[in-house]
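In this text, residue positions in the sequence shown follow this note's numbering: the first is -12, and each later residue adds one.
For each residue, glycine too, the CB sits at the ideal point set by N, CA and C.
Just so you know, these numbers come straight off a predicted model, no measurement behind them.
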Amino acid sequence: MTSPELWLLRHGATAWARDGRHTSHTDLPLLPEGEDEARALAPLLAQQPFEAVLCSPLQRARRTCELAGLAAQAQIEPDLQEWDYGAYEGITTAEIRRTVPDWTVFSHPCPGGESPEQVQQRCERVIQRSLQLAGEGGRVALFAHGHLLRCLAGCWLGLGVGGGALLVLGTGTVCVLGFERQQRALLRWNAPVAPL
């Protein structure tokens, strides 16, 4: 018997992702290199049967899903939107730390944005829905954003959203959450596209 897997796919590069700017609801397109990253996912994903494909409503995630070849199966999932950075939208961590020296999104509030607790609730809902869709041994693909996917992995491992601070995630990469001896585990993390 196989166990369910959640495949996490971060969108391809955008101008703000490249520059380290916090991007939640600003609906930026992929850069040409981001489109290339998304296309590179297609051969690997074509080899995998997915019970379901869930996608953030933002265009960078939707376009990545499309170029990766899974748009026909995709369902929009609002809970996969990026962390709402509020007043910190469009600025870098270094800029924020000029006024809040130890700031991290995982441990400090975002004025006018979401709290870590709110993001954790969204992540837990996505995990539960994904497990229901996957069934006993199926796979679900999740197209979303850097901080959200890091938080989701932290929640998967029982570390909460703070666990996401320990995980680096590049654009256009593949991660797989699953089970090892009935324990939740990271099966693949921040992997460039390559055959499994």
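By Cβ distance, which residues of its chain are closer than 6 Å to residue i, with the 5 residues on each side in sequence left out?
i: residue 71; result: 11, 100, 101
i: residue 73; result: 97, 98, 99, 100
i: residue 64; result: 41
i: residue 103; result: 148
Give a yes or no on whether the C-beta atoms belonging to residue i and residue j are separated by under 9 Å.
i: residue 217; j: residue 39; result: It is not possible to answer for residue 217, since the shown part of the chain is limited to -12 through 183.
i: residue 62; j: residue 37; result: no
i: residue 165; j: residue 174; result: yes
i: residue -8; j: residue 121; result: yes
i: residue 129; j: residue 118; result: no
i: residue -3; j: residue 158; result: yes
i: residue 21; j: residue 0; result: yes
Closest to residue i by C-alpha separation, out of the options, would be which residue?
i: residue 114; options: 27, 17, 140; result: 140
i: residue 95; options: 179, 149, 110; result: 149
i: residue 45; options: 85, 35, 68; result: 68
i: residue 6; options: 180, 125, 124, 82; result: 82
i: residue -11; options: 25, 176, 168; result: 168
i: residue -6; options: 4, 25, 85, 35; result: 35
Contact defined as beta carbons within less than 8 Å: I believe residue i pairs with residue j. What is the distance between those atoms, to the nearest angstrom?
i: residue 147; j: residue 108; result: Incorrect: roughly 11 Å between the Cβ atoms, too far for contact.
i: residue 171; j: residue 143; result: 5 Å
i: residue 27; j: residue 180; result: 5 Å
Excluding sequence positions up to five away, which residues of its chain have a Cβ less than 7 Å from the Cβ of residue i?
i: residue 33; result: 56
i: residue 78; result: 8, 9
Going along the chain, which residues of its own chain have a beta-carbon closer than 8 Å to the beta-carbon of residue i, five neighbours each way excluded?
i: residue 76; result: 9, 10, 11, 12, 13, 100
Handout entry: the stretch 50 to 58 in contact with the stretch 13 to 30 per 3-pair CB rule at 8 Å
Key = yes
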